[in-house]
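Residue numbers (full-length UniProt numbering): 1 to 207.
The beta-carbon is built from N, C-alpha and C at its ideal position, and this holds for glycine as well.
Model, not experiment: these values are computed from the prediction.
I have placed the structure first, in the form of structure tokens, so that the comments after it can refer back to it.
Quick look at the structure:
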């Protein structure tokens, strides 16, 4: 967490921008940028995405994630699978395996949980979506994980929901679980949580 302010400052200086110029791009005050850089306050999810776009880096990099990324785990797992499996699984075989369980699994993936508001919003999404399916008597379990759990959890999902700040991982996810539908949540959907709309889109994606 403590690294993000320094990261913003370094990226701003690398682009030779003043705090005022960055503030104008984001429609905030220069004082806000100053507070971010000094770790007095932190950008919310929407601002994290806009900052990553402004500096042309991933949100993961902006957050200062120096640990091995989940991508390395994904590729390592894929390589092990190719070595162990003589015959690759076919789409029909994968679908049959998923249908062997009556309960479907929707997995929501987000960035690391240190962003308090972001984590709370993802929890709200998970709880409300689960409640909706329960009321509708749909045999669907809704779980939430950080991106670091993708390699471990994603293969068992019937549908993956990606929060806005995690969508930089879309391509790698598609390569890792090519037969699993992935639904991208817009910033508006993630902010307002129109649960019935998200639920209907999720059901359609799993057909």
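Beta carbon of residue i nearer than 7 Å to that of residue j
i, j, result
"residue 36", "residue 8", "yes"
"residue 19", "residue 41", "no"
"residue 105", "residue 169", "no"
"residue 122", "residue 144", "yes"
"residue 25", "residue 54", "yes"
"residue 165", "residue 45", "yes"
"residue 102", "residue 139", "yes"
"residue 132", "residue 199", "yes"
"residue 142", "residue 126", "yes"
is_contact[residue i, chain B] using C-beta, thresh 7 Å
i, result
"residue 105", "Absent from the structure: chain B. Only one protein chain is present."
Inter-residue Cα distance where the pair is residue i and residue j
i, j, result
"residue 176", "residue 6", "33 Å"
"residue 31", "residue 52", "19 Å"
"residue 17", "residue 167", "26 Å"
"residue 109", "residue 21", "33 Å"
"residue 162", "residue 173", "10 Å"
"residue 14", "residue 201", "41 Å"
"residue 190", "residue 146", "16 Å"
For residue i, the residue or residues it bridges with in DSSP
i, result
"residue 159", "106"
"residue 144", "108"
"residue 182", "160"
Same chain, Cβ closer than 6 Å to residue i, five either side skipped, listed in chain order
i, result
"residue 100", "Confidence at residue 100 is low in this model, with a pLDDT of 40, below 50, so the placement of that residue should be treated as unreliable; the coordinate-derived value is given next. Counting only Cβ-Cβ distances below 6 Å, and skipping sequence neighbours, we find nothing."
"residue 181", "159, 205"
Same chain only: Cβ atoms within 8 Å of residue i, ignoring 5 sequence neighbours per side
i, result
"residue 188", "none"
Should the region 145 to 155 be regarded as contacting the region 185 to 202, the criterion being three or more beta carbon pairs within less than 8 Å? Touching, no, given that fewer than three Cβ pairs across the two stretches are closer than 8 Å.
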